[in-house]
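Peer 1:
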Amino acid sequence: MKGPSLRMMFGAALVAVLVVVAAGADWIVPYDPTAQVLAENLAPPGADHLLGQDKLGRDILARIISGTRVSLAVGLVTVVVSLVAGAAIGAVAGFAGGWIDEIVMRAVDVLLAFPGLLLAIALTAVLGPSLRNVVIALCLIGWTGYARLARGEIVRLREREFVEAARALGVPELRILVRHLVPLLATPLLVQATFGMAAAIVAEASLSFLGLGAQPPTSSWGAMLNDGRAFVLVAPHLTVFPGLAILVTVLGLNFLGDGLRDRLDVRTPTDLWR
Amino acid sequence: MLRLALHRFALTLPTMLAAATLVFLLIHLVPGDPVDVMLGESAQSADREALRRTLGLDRPLATQYAAFLRGVASGDLGRSLVHGTPVAELLAARLPATVELTLAALAIAIALALPLGLAAAARPGTWLDRGSVGFALLGVSVPSFWLGPMLIILFAIDLRWLPVSGRGTWAHLVLPAFTLGLGMAAILTRMTRASVLECLGEDYVRTARAKGVSRARILTHHALRNALAPVVTILGLQFGALLAGTVITETIFAWPGLGRLLIDAINQRDYPVVQGCILLIAASFVAANALADVINGWLDPRIGAATARAGS
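Quick note, the sequences are listed as chains A and B, same order. The working numbering puts the first residue of the first sequence at 1, with every later residue one more than the last. The working numbering puts the first residue of the second sequence at 1001, with every later residue one more than the last.
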């Protein structure tokens, strides 16, 4: 096993900073992220407001910091729910084989026949625009990637000698699956989850940018970019900084995922939403 | 070759049917009564009944489904609730703009990725190689809804080289196509580099070198051609992302295509148009994947035979 690469350490450090910012958002925000000062709308970056103010005079830095919380929360909830559900479904399908496997994999194929973002747009369009519905839509689509990964691994592993040995010793099937096979899924799933988190954060921002996600006054980075669109000619700072926050977050997670993949030596598909 | 193509496209039919079913079910996912959602709860009951009949929601689900599938098969996707015109007409009017944008983005992605990936693989470990890896990482991490506005600020506002938005001349196409294509260029660069590197380690490359074939010719004639199969597959898979990405890119640049139509229809709760847009985009994606498989079969007859056998 190789040691962690510089890139991976850098990614891990970026992610750690984001987690600290999200956790400590209440203490480090310089202003209330929803407090409006209409007289100072669209004010450029300055000494009092380091990144400037938006169309309602709200502090952009404060909104980006509180947006960190939104992004990480959406990313985390989406990844945990999709991973647990997807891995369970995929593992059972792969282990059981037969018609169960057939039904599950056909369902996965159908969902994967749509570009992920398009399906998310369609689902949020019918469910109604809100952060909660974004998470629901992303989970409804996101489990497929983990299911496919888990199934593939289980199918590969279930014929191995140690499974045969356990079976010969009379270990019940369910116990073989849960105690002997599922732990081996942890590594590839962890790598996939790192990329999945980046993808979910971008997906949330995309939907919020299209007006289908976070609603005012919630400070989502995507919604901030949507607000900034109307003022790109006169107040580009509305656009520049929230986008940088997304870029840093996604780069951090991708660096970390790349590093983990090389270090743990797993091959995994990425870019589910792109 | 033609048989393979026909066979592969026939295999898309079950997928297309499943996609149509999912799109049909969408409107039944609307929480509560879709008619209430579209008209608002204060609407007259006569209007509500009329809309319910127009959408066929008063009939049993199975009848609705059969009628929907018949409609899709014959190109009749219903009428827009807002414009009153057939959905198929609206789609046809917007399709050329989206095709133009998508093809331009695809061309930019390929034009950037193949030379960059090939050059990086030819000289591994050099600054060029590192640069291409960096480009690939940055390219997949930059969200298009930020890249687009940044390009507008730089090239349209500061430098005044290109128009801010809209469609018309070639100049209008540059920024949207680049915004849409960059992510794909990044993924393709990475794939090309990895795939060519793998091929350069093969025996036939050593044989060619032993015969005295030049480095450049080995790269372009031996390694690249064999390296293309995974690149074409990724191209097909990523085409879906490109299509979905048009929704965002068209929003940024006020590009009058399908993506913009979809978002407008969502905001106006014009569900027949929403269904039509999603169905058309999904169908294009399924077709693109089939096309990628056919191209692979042409590049490498062994893959073609496997595709014809295994299907999916």
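Where is the CB? At the ideal position from N, CA and C, for every residue including glycine. Just so we're clear, the structure is a prediction, and the values are computed from it rather than from any experiment.
Taking just the CA atoms, how far does residue 139/A sit from residue 79/A?
Peer 2: In a straight line, the C-alpha of residue 79/A is about 8 Å away from that of residue 139/A.
Peer 1: Below 7 Å on C-beta distance, what does residue 1251/B contact in chain A?
Peer 2: Result: 210.
Peer 1: Taking the alpha helix (DSSP H) that residue 32/A falls in, what are its first and last residues?
Peer 2: Element bounds for residue 32/A: n/a, residue is neither H nor E.
Peer 1: Going by the CB atoms, is the gap between residue 1232/B and residue 113/A shorter than 8 Å?
Peer 2: The answer is no: Cβ separation not under 8 Å.
Peer 1: For a contact defined as C-beta to C-beta under 8 Å, what are the partners of residue 1227/B on chain A?
Peer 2: Within 8 Å Cβ-Cβ: nothing; residue 1227/B doesn't reach chain A, min ~18 Å.
Peer 1: Suppose you measure from the CA of residue 1058/B to the CA of residue 1028/B; what does that come to, to the nearest Å?
Peer 2: When rounded, the distance between both Cα atoms is 12 Å.
Peer 1: DSSP puts residue 53/A in a beta bridge; with which residues?
Peer 2: Beta-bridge pairing links residue 53/A to 59/A.
Peer 1: Given this structure, state the Cα-to-Cα distance separating residue 156/A from residue 121/A, to the nearest angstrom.
Peer 2: Going from the Cα of residue 156/A to the Cα of residue 121/A covers about 35 Å.
Peer 1: Assuming the contact rule is C-beta atoms closer than 8 Å, residue 1274/B and residue 1005/B should be a hit. Round their C-beta distance to whole Å, please.
Peer 2: Actually they do not touch by this definition, with Cβ atoms about 32 Å apart.
Peer 1: Is it a yes or a no for the segment 42-53 of chain A touching the segment 227-246 of chain A, going by three-plus beta-carbon pairs under 8 Å?
Peer 2: Yes: at least three Cβ pairs fall under 8 Å.
Peer 1: Once DSSP output is grouped into helix, strand and coil, what is the label at residue 179/A?
Peer 2: Helix at residue 179/A.
Peer 1: Using Cβ-Cβ distances below 8 Å, what residues of the segment 195-224 of chain A are close to chain B?
Peer 2: Residues 198, 202, 205, 206, 209, 210, 211, 212 and 222.
Peer 1: Residue 28/A: buried (16+ other C-beta within 10 angstroms of its C-beta) or exposed?
Peer 2: Residue 28/A is exposed by the Cβ-count criterion.
Peer 1: Could you tell me which residues DSSP puts in a beta bridge with residue 1079/B?
Peer 2: DSSP, once it has assigned bridges, lists 1086/B as partnering residue 1079/B.
Peer 1: Applying the criterion that 16 or more other CB atoms from any shown protein chain within 10 Å of the CB defines a buried residue, is residue 1218/B buried or exposed?
Peer 2: Under this definition residue 1218/B is a buried residue.
Peer 1: If I follow the unbroken alpha helix (DSSP H) through residue 1141/B, where does it start and stop?
Peer 2: Residues 1127-1141.
Peer 1: Say whether chain B places a C-beta atom closer than 8 Å to the C-beta of residue 57/A.
Peer 2: For residue 57/A, the answer is no, since every Cβ of chain B falls outside 8 Å of its Cβ.
Peer 1: What residues in the segment 1237-1270 of chain B bring their beta carbon closer than 8 Å to a beta carbon of chain A?
Peer 2: Cβ contacts with chain A come from 1238, 1240, 1241, 1243, 1244, 1245, 1247, 1248, 1251, 1252, 1262, 1263, 1266 and 1267.
Peer 1: Please report the residue range of the alpha helix (DSSP H) in which residue 1013/B lies.
Peer 2: Note, residue 1013/B: alpha helix (DSSP H), 1012-1029.
Peer 1: So that I know if they touch, is there some Cβ in chain B lying closer than 8 Å to that of residue 186/A?
Peer 2: Not an interface residue.
Peer 1: Counting only runs of 3+ residues fully inside the segment 160-207 of chain A, write out the beta strand (DSSP E) ranges in chain order.
Peer 2: You should have found no qualifying run.
Peer 1: Can you tell me whether residue 249/A is buried or exposed, with buried defined as 16 or more other CB within 10 angstroms of its CB?
Peer 2: Counting Cβ neighbours within 10 Å, residue 249/A comes out buried, since at least 16 surround it.
Peer 1: Output needed for residue 55/A: all residues of its chain with C-beta closer than 7 Å, excluding positions within five of it in sequence on either side, in chain order.
Peer 2: Cβ neighbours of residue 55/A beyond the five flanking positions: 41, 42, 227 and 231.
Peer 1: Which one of 176/A, 194/A and 134/A has the shortest CA to CA distance from residue 146/A?
Peer 2: Among 176/A, 194/A and 134/A, the Cα nearest to that of residue 146/A belongs to 194/A.
Peer 1: Quick one: Cα of residue 119/A to Cα of residue 1251/B, how far?
Peer 2: Residue 119/A and residue 1251/B: Cα-Cα distance of roughly 17 Å.
Peer 1: State the start and end residues of the unbroken alpha helix (DSSP H) segment that holds residue 1001/B.
Peer 2: Per DSSP, residue 1001/B belongs to no alpha helix (DSSP H) and is neither H nor E.
Peer 1: Taking beta-carbon pairs under 7 Å, can you tell me which members of the segment 1274-1291 of chain B lie near chain A?
Peer 2: Listed by position, the residues of the segment 1274-1291 of chain B near chain A (Cβ gap below 7 Å) are 1274, 1278, 1281, 1282, 1285 and 1286.
Peer 1: Comparing C-alpha positions only, which one of 9/A, 71/A and 8/A sits nearest to residue 21/A?
Peer 2: Closest by alpha carbon: 71/A.
Peer 1: Expressed to the nearest angstrom, what Euclidean distance is found between the alpha-carbon atoms of residue 116/A and residue 1241/B?
Peer 2: Those two C-alpha atoms are separated by around 8 Å.
Peer 1: Counting only Cβ-Cβ distances shorter than 7 Å, please list the residues of the segment 246-259 of chain A near chain B, keeping chain order.
Peer 2: Listed by position along the chain: 246, 247, 250, 251 and 254.
Peer 1: Considering Cα atoms alone, identify which of 1291/B, 1197/B, 1030/B and 1223/B is closest to residue 125/A.
Peer 2: Per the Cα distances, 1030/B.
Peer 1: Answer yes if the segment 187-207 of chain A comes into contact with the segment 244-258 of chain A, meaning at least three C-beta pairs across the two stretches below 8 Å, and no otherwise.
Peer 2: Short answer: they touch.
Peer 1: For chain A, find out if any of its Cβ atoms is closer than 8 Å to the Cβ of residue 1029/B; answer yes or no.
Peer 2: True, the Cβ-Cβ gap to chain A drops below 8 Å.
Peer 1: What number of angstroms, rounded off, separates the C-alpha of residue 10/A from the C-alpha of residue 1210/B?
Peer 2: Taking the straight line joining both Cα atoms gives about 43 Å.
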